[in-house]
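Quick notes on the structure that follows.
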Amino acid sequence: MPTKIETRLGTIRIERRLTYSRLASAATTLTAFLLSLLVVAVILRVMGLDPARAFAVIGEVFLVPRLLSESVKQSIPICLSALGLAIAFKMNYWNIGAEGQIYMGMIAATGIVLLHAYYNLFHESMLLPLMTIASFILGGAWCLITGILKAKLNVNEILTTLMLNYVAILLVDYLVHGPWRDPKGYGFPLSIEFPDQAKLQFLFGSPACTGLLVAVVAAALVFCVLDYTRLGFEIKVVGQSLRVARYAGMNVSKIILLGSFLSGGLAGVGGLSIVSGIIGRLRPGASPGYGYTAIIVASLAGLNPWLVVAASIFFGGLLTAGGALQASMNIPRAATQMIQAIIFLFILVGEFLKRYRIVFERGGRT
Amino acid sequence: MEPLVKLRGIVKRFPGVVANDRVDFELRRGEVHALLGENGAGKTTLMNILYGLYQPDEGEIYVKGRKVRLRSPRDAIDLGIGMVHQNFRLIEPHTVLENIILGLREPGIRIDFEKHAERIRLLAEKYGWRIDPWMRVWQLSAGEKQQVELLKILYRGADILILDEPTSVLTPHETRMLFKALRRMAGEGKGVIFITHKLGEVMEISDRVTVMRRGRVVVTKSTKETSPEELAYYMVGRSAILDFGGVESAPGEVVAEVIDLEALSDKGVPALRKVSLAVRSGEILGIAGVSGNGQVELAEVIVGLRKATGGKVIISGIDATNKSTREIIELGVAYIPPESVRWGIIPEMRVVDNLFLKAYRYPPYSSKLILNWGRMFEKAEELVKEYEIVTPSVHAKARSLSGGNLQRLVLARELSGLIGEGIPKLIVAAYPTKGLDVRATNFVHKTLLRYRRLGAGILFISEDLDEIMMLSDRIAVMFEGRITGLLERGKADKEKLGLLMSETAPS
C-alpha cells in the first residue's frame with residue numbers, strides 16, 4: 059500500500075496505529091453506520107422517496123415479530139456459510155465459493171430426502187441427521203477440491219472456489235429440470251416438497267427458532283475449534299505465515315485440507331437450512347447470493363464467530379427489509395442491494411481507520 | 024572552514040518514541056566521520072532526515088553554510104548529498120550504466136551511452152575499481168553492487184556521502200578496498216558519513232566519531248583520542264566487556280553429522296556442493312563466510328526445511344535425511360532461523376502463542392485434540408521470567424516487543440526443553456545476533472555458551488568474524504557451497520578466515 063501520497067497542497071501519509079481503545083472502536087463503527095444511513099437517505103431523496111418512511115420500514119423488520127422471524131430465517135444460511143468462511147479466512151484461504159458449497163449442500167440434503175421418499179431406505183426420524191451429515195460432507199468436499207489443488211499444486215483458491223460456484227449452480231439446474239423433477243409438479247423445475255420430518259422446525263415448530271439454535275451451536279463449535287484445539291491453532295498459524303508454520307513443523311498441506319473441508323462443510327449445512335428451513339424443496343436459484351453476503355458478514359464480524367451470528371441477523375434483516383421496501387414503497391431490488399453495499403463500505407472504511415491513521419502535511423512539491 | 028553539513032537541535036518523534044532528541048552533528052570537508060551506536064540508537068533516522076526521507080519535527084539543517092529544508096531525496100541530491108542504503112536500490116536486470124544514469128537530469132532527448140560509459144569507467148578507475156558499465160547488475164557480487172551505488176552518487180557530483188552499515192555485506196578483502204576508496208574520496212575534499220555499530224571499523228577508517236545512544240548524541244571525538252573500550256562505554260552506557268569464564272570445552276560424541284550434502288537454492292541452482300561436517304556435543308562449531316554462500320541452505324537441510332539432493336544428514340545416529348521438520352524437531356533439534364524476528368515469530372499472535380509454536384502439540388500442553396491453555400500460560404509466565412523477556416504480559420501481541428526481546432522469546436522457545444525431556448541435542452543457530460544491540464547480543468552469546476556447557480552441540484552460523492572467533496571451538500568456512508577450511512580454536516585469525524571466505528583461497 060502506498061504510505062505516502064504527494065499532492066500540490068501537501069503530503070498525505072498513512073501510518074499504522076499502535077493502539078486503539080475498545081470505546082473508540084465502537085464509536086468509529088457507530089459513526090460509520092450513521093454516516094452510511096445519511097448517504098442512503100440522500101440517495102433515496104434523490105430517487106424521490108421519503109427516507110424517513112424507508113428507515114421506518116427497515117426498523118420494523120427488527121421490531122415486528124413476524125418480520126423478525128423472517129429475518130432470522132434468512133440469516134441462517136448466511137450465518138453458517140460465514141462461520142465456515144471465518145475458518146478459511148483465518149487460514150488466509152480466500153474461499154469465495156460459499157455459494158457453490160451451499161448449492162452442493164442443498165443437493166446432498168435433497169438427495170437424502172429423495173432416497174427416503176422414493177426408496178424408503180431409512181426411518182424418517184433419521185432424515186435430518188443424515189441430511190446434515192450429507193450436506194456437510196458434500197459442501198466440504200466441494201471446497202476440499204480447491205484445497206487439494208492448493209496444497210498439492212499451489213493453485214490459487216480464489217479462482218477455483220469462484221469457478222466451482224457456477225458448476226454447482228448449474229448442477230442444481232440440471233437435477234431439478236431432469237432426474238429430480240417432481241413427477242406431479244406439472245413440469246415445473248422443482249423437486250418434491252420435503253416431508254415435515256425433513257424440515258428444520260423441530261424447535262417450537264418454528265424454522266427461525268430452530269435455525270437460530272443451529273447457528274448458535276455452530277458458532278460455539280467454530281469458536282471452540284479455533285481457540286481450543288490443535289487444529290485451530292494450526293489454522294491460525296498457517297494463516298499468518300506459511301513459512302513460520304513449516305518452520306514449526308506443521309503439516310501445512312494437511313491443515314489446508316482439513317480447514318477447507320470444514321469451511322465448505324459449514325456452507326453445505328447452510329444449503330440444508332435453505333431447502334429445509336426456508337423453501338421446503340429444491341429449486342433453481344434457491345440461494346439468492348447468500349454465499350456472497352457471507353463474505354461480507356465474515357469480514358464485518360472480524361472473523362469472530364459470535365459477531366458472525368449478530369452480523370448475519372443484521373444482514374438477514376436487510377434482505378427482509380429489501381422485500382418489504384419493494385412491496386410497500388416500490389423500491390427496486392437493485393436499490394436495496396445498493397443500500398447494503400453502502401453500509402458495508404462505510405463500516406469497512408471505519409475498520410481501516412481503526413488500524414491506520416491518515417496524516418496531512420502542509421506544503422507541496424516545489 | 025565552513026562545515027559541509029551542520030545539524031542543529033534535530034528532533035524526530037515516532038508514535039511512542041523519540042528517535043532523535045535534540046541532535047547536533049557536523050561533517051567537515053575531507054573527513055570520514057563515523058556515526059556509531061547500537062541498533063535503535065537513532066543513527067539511521069538522523070541520516071534519513073539529512074537525505075530528505077524524513078522531515079524533522081524540530082531543528083535546523085545547514086548544508087555548505089546555507090540553511091535548507093529537505094522535502095525529499097530530490098532536494099538532498101541537488102545539494103550534493105548521496106546515500107548508500109543497507110539494502111541496495113539497484114535494478115538488477117539493468118546494466119550498471121543504466122542504473123547509474125537513471126534519473127540524471129540532462130537536456131536533450133538522446134542519451135549518449137558511449138560517452139557516459141567512458142566517464143563511468145574513468146571514475147571507477149580513480150577509486151581502484153574495475154567495473155564494466157555494460158554488465159548487468161545481477162551478475163555482480165555484493166561488493167561490486169556497492170561500488171555501483173557509490174558510482175551512482177559520485178557521478179551526480181555528490182560531495183556528502185552517507186553509507187549505512189556498508190561493510191555488513193562485504194568480505195574482509197572487499198572491506199579493505201572500500202576503505203581505500205573512502206580515504207581517497209575524503210582526500211578529494213568530500214565528506215563521508217559512515218554509519219556502523221562495529222568498533223573495529225570506527226578505529227580503522229574514521230577521522231572523527233559521533234556516538235549516539237537512545238536518540239541522543241553522547242559524544243563527538245577525534246578517533247585518535249579515543250579507544251574501542253571508551254567507545255563501547257559510550258555506546259551502551261556501561262562497560263560491555265564480556266566475561267565468559269571457563270571457555271575450555273570438553274566435546275563429547277558426535278550429535279550430528281552431514282556427509283557429502285548437496286542441495287539447491289531457492290533459484291534452483293546448487294547451493295551446497297558436497298558439504299561434510301560433524302558437530303559434537305558440548306562444542307560450538309562456527310560457520311564463517313559471507314552470507315549467501317550456502318550457510319542458510321545448510322541449516323535448512325539439517326532441520327528438514329529444504330530437500331537434500333544428495334548426501335546424508337545423521338542426527339543422534341539416526342538417518343534424518345529429508346525427514347519432515349516435525350520428525351527432526353522430535354529428534355531434539357532446535358533451530359534459530361535467520362532473521363528470526365521475521366521468520367520465527369508471528370507478530371500478530373500473542374507471546375504465549377509464539378512460545379508454544381512448536382510445543383503446542385505435545386503433552387502436557389495438549390492432548391490428541393485439545394489444547395491445555397492453563398498449562399501453557401503457566402509455563403509461559405515462567406519462561407518470560409527466566410529469559411527476561413520484557414513484555415506487558417504473555418497476552419500481548421508479539422509485535423509490541425522489541426527485536427532483542429523477540430530473540431529472547433525465540434531462544435526460550437527453542438532451548439528451554441519444552442519438547443521432550445531435557446535440553447536440545449543439536450542447536451542450529453543462523454545469524455542469531457544479526458541486527459541486535461549489544462545487550463541482546465550478549466544475552467544470545469551467554470545463552471549459547473550455557474547450552475554448550477550443558478552438553479548441546481551447536482552449529483553457529485555468523486558473518487561477524489569477531490563473534491565467530493570468540494565463541495567457536497572450531498570454525499568451518501563456507502564459500503560458494505563448499506567448506507573451504509576447518510580451523511581449530513586459536514589457530515584462526517582474520518587473515519586466514521578472510522582468505523578462505525573469498526575466491527582468493529586455494530581450493
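Going down the list, the protein sequences come from chains A and B.
For the first sequence, our numbering begins at 59 and goes up steadily by one.
For the second sequence, our numbering begins at 24 and goes up steadily by one.
Just so it is clear, CB atoms sit at the ideal spot from N, CA and C, and this is done for glycine as well.
Practice item. Just the chain A side, please: which residues come within less than 7 Å of residue 383(B) by C-beta, in chain order? Key: Taking the beta carbon of residue 383(B) as reference, the chain A residues within 7 Å of it are 288 and 291, listed in sequence order.
TODO: Give the residues of chain A in contact with residue 389(B), contact being defined as C-beta atoms less than 9 Å apart.
DONE: By Cβ distance, chain A contributes 287, 288 and 291.
Please list the residues of the stretch 388 to 408 of chain B that have a C-beta atom closer than 7 Å to any C-beta atom in chain A, keeping them in chain order.
Result list: 389, 392, 393 and 394.
Measuring CB to CB, does residue 174(B) end up less than 8 Å from residue 114(B)? Not in contact: residue 174(B) and residue 114(B) (Cβ atoms no closer than 8 Å).
Check your understanding: Would you say residue 352(B) and residue 442(B) are within 8 Å of each other, going by their C-beta atoms?
Key -> Yes; because the gap between Cβ atoms is below 8 Å, this pair is in contact.
So, for residue 23(B): in the same chain, excluding its five sequence neighbours on each side, which residues have a beta-carbon less than 8 Å away from its beta-carbon? Outside the modelled stretch of chain B, which goes from 24 to 530, sits residue 23(B), for which no answer is possible.
- Message: For the structure I just gave you, are there three or more beta carbon pairs, one from the stretch 419 to 427 of chain B and one from the stretch 379 to 386 of chain B, closer than 8 Å?
- Response: Judged by Cβ distances under 8 Å, the stretch 419 to 427 of chain B makes no contact with the stretch 379 to 386 of chain B, as fewer than three pairs qualify.
Could you confirm whether any beta carbon from chain A is found closer than 8 Å to the beta carbon of residue 161(B)? Not one chain A Cβ lies under 8 Å of residue 161(B).
Measure from the C-beta of residue 79(B) to each C-beta in chain A and report whether the shortest distance is under 8 Å. Not one chain A Cβ lies under 8 Å of residue 79(B).
Can you check whether the C-beta of residue 488(B) is within less than 8 Å of a C-beta belonging to chain A?
It does not: the Cβ of residue 488(B) has no partner Cβ on chain A nearer than 8 Å.
Quick check on residue 241(A): buried or exposed, where buried means 16 or more other Cβ atoms within 10 Å of its Cβ? Under this definition residue 241(A) is an exposed residue.
When the Cβ atoms of the stretch 150 to 161 of chain A are set against those of the stretch 381 to 398 of chain A, are three or more pairs found closer than 8 Å? The answer is no - the stretch 381 to 398 of chain A does not touch the stretch 150 to 161 of chain A, with fewer than three Cβ pairs under 8 Å.
Which runs of the beta strand (DSSP E) at least 3 residues long sit entirely within the stretch 169 to 223 of chain B? Give them in chain order. You should have 183 to 187 and 214 to 219.
**OP:** Report the neighbours of residue 366(B) on chain A: residues whose CB is nearer than 7 Å to its CB, in chain order.
**Re:** The contacting residues are 301, 302 and 305.
Local conformation of residue 43(B) per DSSP, three classes: Reduced to three states, the DSSP call for residue 43(B) is strand.
Determine whether the beta carbon atoms of residue 91(B) and residue 100(B) lie at a separation below 8 Å. Cβ atoms of residue 91(B) and residue 100(B): not closer than 8 Å.
- Task: Would you check if the distance between the CB atom of residue 52(B) and the CB atom of residue 166(B) is smaller than 8 Å?
- Result: It is not a contact, given that the beta carbons lie outside the stated cut-off.
Worksheet item: Is the stretch 477 to 490 of chain B close to the stretch 443 to 463 of chain B, with three or more CB pairs under 8 Å?
Response: With three or more CB-CB distances shorter than 8 Å, the stretch 477 to 490 of chain B counts as touching the stretch 443 to 463 of chain B.
| query | Can you pull the DSSP bridge partners for residue 341(B)? | reply | According to DSSP, residue 341(B) bridges with 338(B).
Contact check, residue 323(A) vs residue 198(A), beta carbons under 8 Å: Inclusion of residue 323(A) and residue 198(A) in the CB contact set at 8 Å is warranted, their separation being smaller than that value.
- Residues bridged to residue 480(B) (per DSSP): Beta-bridge pairing links residue 480(B) to 449(B).
Top-ranked residue by Cα proximity to residue 405(B), from 375(B), 327(B), 391(B) and 429(B): Distances from the CA of residue 405(B) to each of 375(B), 327(B), 391(B) and 429(B) were compared; the closest alpha carbon is that of 375(B).
To the nearest angstrom, how far is it from the Cα of residue 221(A) to the Cα of residue 153(A)?
Rounded to the nearest angstrom, the two C-alpha atoms are 11 Å apart.
Option in 165(A), 318(A), 386(A) and 344(A) with minimal Cα separation from residue 144(A): Nearest Cα to residue 144(A) within the set 165(A), 318(A), 386(A) and 344(A): 318(A).
Would you mind telling me which residues of chain B sit closer than 9 Å to residue 298(A), beta carbon to beta carbon, in chain order?
Neighbours of residue 298(A) on chain B, chain order: 369, 370, 371 and 372.
Tell me which residues share the same chain as residue 329(B) and place their Cβ nearer than 7 Å to its Cβ, disregarding the 5 neighbours each side in the sequence.
Around residue 329(B): 286, 320 and 323.
Where residue 401(B) sits in the DSSP three-state scheme
In the structure shown, residue 401(B) sits in a helix (DSSP, three-state: H, G or I).
| field | Contact set between the stretch 238 to 249 of chain A and chain B, restricted to residues whose Cβ is under 7 Å from the partner | value | Taking 7 Å as the upper bound on Cβ-Cβ separation, chain B lies near no residue of the stretch 238 to 249 of chain A.
Notebook entry, point to check: Whose C-alpha, out of 369(A), 149(A), 234(A) and 181(A), is nearest the C-alpha of residue 120(A)?
Noted result: Closest by alpha carbon: 369(A).
**Study point:** Run of the alpha helix (DSSP H) containing residue 134(A), from where it starts to where it stops
**Key:** Run containing residue 134(A): 123 to 148, per the alpha helix (DSSP H) assignment.
Report task. Look up residue 105(A) in the DSSP assignment and say whether it is helix, strand or coil. Result -> Residue 105(A) falls in the coil class under three-state DSSP.
>> Please state the DSSP three-state secondary structure of residue 332(B).
In response: It is a strand residue.
For this session: Give the residues from the stretch 326 to 341 of chain B that approach chain C closer than 9 Å (Cβ to any Cβ), ordered along the chain.
Result: In the displayed structure, chain C is absent; the protein chains listed are A and B.
Check your understanding: Within the 8 Å Cβ cut-off, does residue 294(A) reach chain B?
Key -> Contact with chain B is found for residue 294(A), since one of that chain's Cβ atoms lies less than 8 Å from the residue's Cβ.
Exercise for review: Would you mind giving the Cβ-Cβ distance between residue 93(B) and residue 75(B), rounded to the nearest angstrom? I have them listed as a contact below 8 Å.
Suggested key: Contact holds; Cβ gap of about 4 Å.
Under 8 Å Cβ-Cβ, which residues of chain A neighbour residue 360(B)? Within chain A, the residues near residue 360(B) are 305.
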